[in-house]
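J.: Mapping of the sequence shown onto my numbering: residues 2 to 70, in sequence order. Take a look at this one; I'll ask things after.
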Amino acid sequence: ETGKTQAIPALNPAERRVVHMILQEDKTIRSRSVGDGLFKKILIYKPGKGNKSSSRKRRGRQGGRSSEN
2 ETGKTQAIPA LNPAERRVVH MILQEDKTIR SRSVGDGLFK KILIYKPGKG
52 NKSSSRKRRG RQGGRSSEN
């Protein structure tokens, strides 16, 4: 409602999956897990609000490979 990113405290993988599945039904918000280890928190945000998740995903797919062999 506020337009600010909201965080859900650390959850285990099964709990996070349920939250992500429910939230994906709402096309006006996005969610992603952040943190290290088994228990991570979930960030809930509106797309286009300065969130860099899409560019991070693109960099991650490159795998650090060089085009020179």
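The C-beta atom is built at its ideal place from N, Cα and C for all residues, glycine as well. This structure is a prediction, so every number in the text was calculated from the model and none was measured.
S34 and K28 - do their beta-carbons sit closer together than 8 Å?
T.: Taking the first residue of the sequence shown as 1, we reach residue 28 at position 27. Taking the first residue of the sequence shown as 1, we reach residue 34 at position 33. Cβ atoms of K28 and S34: not closer than 8 Å.
J.: So, helix, strand or coil for L44, using DSSP?
T.: Taking the first residue of the sequence shown as 1, we reach residue 44 at position 43. Reduced to three states, the DSSP call for L44 is strand.
J.: Are V20 and I9 touching if we call contact CB-CB under 8 Å?
T.: Position 19 of the sequence shown, counted from the first residue, corresponds to residue 20. Position 8 of the sequence shown, counted from the first residue, corresponds to residue 9. The answer is yes: Cβ separation under 8 Å.
J.: Mind checking I43: buried by the 16 CB within 10 Å criterion, or exposed?
T.: For this step, residue 43 is matched to residue 42 along the sequence shown. By the 10 Å Cβ count, I43 comes out buried.
J.: What would DSSP say about M22, mapped onto helix, strand or coil?
T.: For this step, residue 22 is matched to residue 21 along the sequence shown. In the structure shown, M22 falls within a helical segment according to DSSP collapsed to helix, strand and coil.
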